[in-house]
Amino acid sequence: MADEVVPTWEEIARSYGRFLYTVAYRLTGNNDDAQDLVQDVLLRVRKGLGSYRPGSMEGWLSRIATNAFLDDVRRRRRRPLELLPDEPDRVTPPARAADVDLEAQVLPDDVQAALRRLPPEYRSAVVLSDVVGLSYQEISEALDVPVGTVRSRLHRGRAMLKKDLA
Amino acid sequence: MSAAEHLGDLLSALADGELTSFEAAAAQTHVTQCSVCAAELDDVTTARAFVRGLPQLDPPFGFYERVLRHDRRLAAAGTGWKGRRVAAAAFGSAAAAVVLLGLAPPRDTPVSPPVNSLVEAHATGASFGGDPLSRLAPIGVPVTFRR
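Chains D and A, in that order, give the protein sequences. If you read the first sequence in our numbering, its first letter stands for residue 1, the second for the next number, and so on. If you read the second sequence in our numbering, its first letter stands for residue 1, the second for the next number, and so on.
Shown next, in the form of structure tokens:
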């Protein structure tokens with residue numbers, strides 16, 4: 001059955017490259033870190049291709065990407081290093097006029113900047129849910145945390161995003 | 001209604017369809033009666049819509065080609081990441097050796113050129129050469145070689 005054929009590393013890079021880069025960018029918030037993360041994911045993919053079970057390739061890739069991202073976050077916490085986003089002026093968006101409809105004015109860059117300001121654990125849950133589209137159970141397995149923790153991180157992350165963008 | 005009775009993170013689960021039908025029905029009933037939870041549900045669904053509305057992104061031009069090319073080069077050279085670490089260690093050792101050699105004090109190597117035999121050979125050649133200058137050489141021969 002064609003679905004059961006394990007793809008090669010190159011096929012994954014070519015077929016899911018855009019998806020993978022998008023997830024990496026949403027997690028890291030800047031181009032350089034996103035490229036580093038994608039390369040890290042591809043290395044992990046190559047090492048782990050033997051353990052791949054045919055199913056949702058996107059779910060598998062995003063799981064690897066999120067774990068690689070969180071591993072990097074933990075490393076940086078041990079060796080603090082403050083990184084600036086691509087465009088620092090986006091960190092503090094200008095004040096909005098009170099009478100302008102919020103949804104009409106929020107731009108993708110604003111959302112990305114707000115996403116980047118979330119704690120990494122909340123950001124991971126939000127990206128896996130709202131960018132990748134995983135269920136709570138799948139996120140729980142990907143992050144190796146209980147479903148209740150996923151629900152809590154997701155809810156708090158969304159609440160913080162909304163407050164940040166208000 | 002006290003804050004302890006608000007639904008909190010169950011609201012996201014409600015929005016995501018992650019509650020059982022019984023739980024969802026109870027939560028919906030609560031939201032219709034609680035303005036705090038209704039507002040919070042609106043907030044999280046709005047935030048969710050923002051993130052879901054983000055576009056897919058294209059990686060920089062040629063990014064994957066560069067990654068694949070780099071990987072093929074490593075494979076052709078028979079060096080994976082571990083191999084590269086070994087190669088780096090070998091390079092480091094070689095570099096250290098060069099530095100040590102460079103820092104070591106120069107040694108004087110004794111040189112003993114065969115001066116006497118060279119002089120003798122020259123004098124002999126000059127004595128019997130046919131050129132005008134060589135004809136002058138025998139003048140010095142008795143002084144140098146016939147003690």
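Where a beta carbon is used, it is the ideal one built from N, C-alpha and C, also for glycine. All of these numbers come straight from a predicted model, not from anything done at the bench.
- Taking 4 residues as the shortest admissible run, the stretch 20-57 of chain D contains the following complete alpha helix (DSSP H) segments, listed from N- to C-terminal end: 31-48.
- Boundaries of the alpha helix (DSSP H) around residue 148 (chain D): 147-165.
- Annotated as proximal: residue 57 (chain A) and residue 21 (chain D), with beta-carbon spacing under 8 Å.
- For residue 29 (chain A), the enclosing alpha helix (DSSP H) begins and ends at 21-33.
- In this structure, residue 143 (chain D) and residue 124 (chain D) form a Cβ contact; the two beta carbons are roughly 6 Å apart against a cut-off of 8 Å.
- A distance of 8 Å or more separates the beta carbons of residue 155 (chain D) and residue 42 (chain A).
- Taking the C-beta atoms as reference points, residue 26 (chain D) is found nearer than 8 Å to residue 115 (chain D).
- Non-local C-beta neighbours of residue 137 (chain D) in its own chain, meaning closer than 7 Å and more than five positions away in sequence, comprise 147, ordered along the chain.
- Residue environment: residue 59 (chain A) is assigned as buried (16 or more neighbouring CB atoms within 10 Å of its CB, all protein chains considered).
- For residue 18 (chain A), no alpha helix (DSSP H) encloses it, and the DSSP letter there is neither H nor E.
- Under the 8 Å criterion on CB atoms, residue 14 (chain A) is classed as non-interfacial with respect to chain D.
- Excluding five sequence positions before and after residue 13 (chain D), the CB atoms of its chain that fall closer than 7 Å to its own CB belong to 42, given in chain order.
- Close partners of residue 105 (chain D) in chain A (Cβ separation under 8 Å) are lacking, with about 11 Å as the shortest Cβ gap.
- Residue environment for residue 69 (chain D): buried (at least 16 other C-beta atoms within 10 angstroms of its C-beta).
- Identification of chain A residues near residue 130 (chain D) by a Cβ-Cβ cut-off of 8 Å yields 48, 51 and 52, ordered along the chain.
- With 16 or more other Cβ atoms from the protein chains shown falling within 10 Å of its own Cβ, residue 45 (chain D) counts as buried.
- Proximity to residue 73 (chain D) across D:9, D:39 and D:119 peaks at D:119, based on C-alpha coordinates.
- Residue 140 (chain D) counts as buried, since at least 16 other C-beta atoms from the protein chains shown sit within 10 angstroms of its C-beta.
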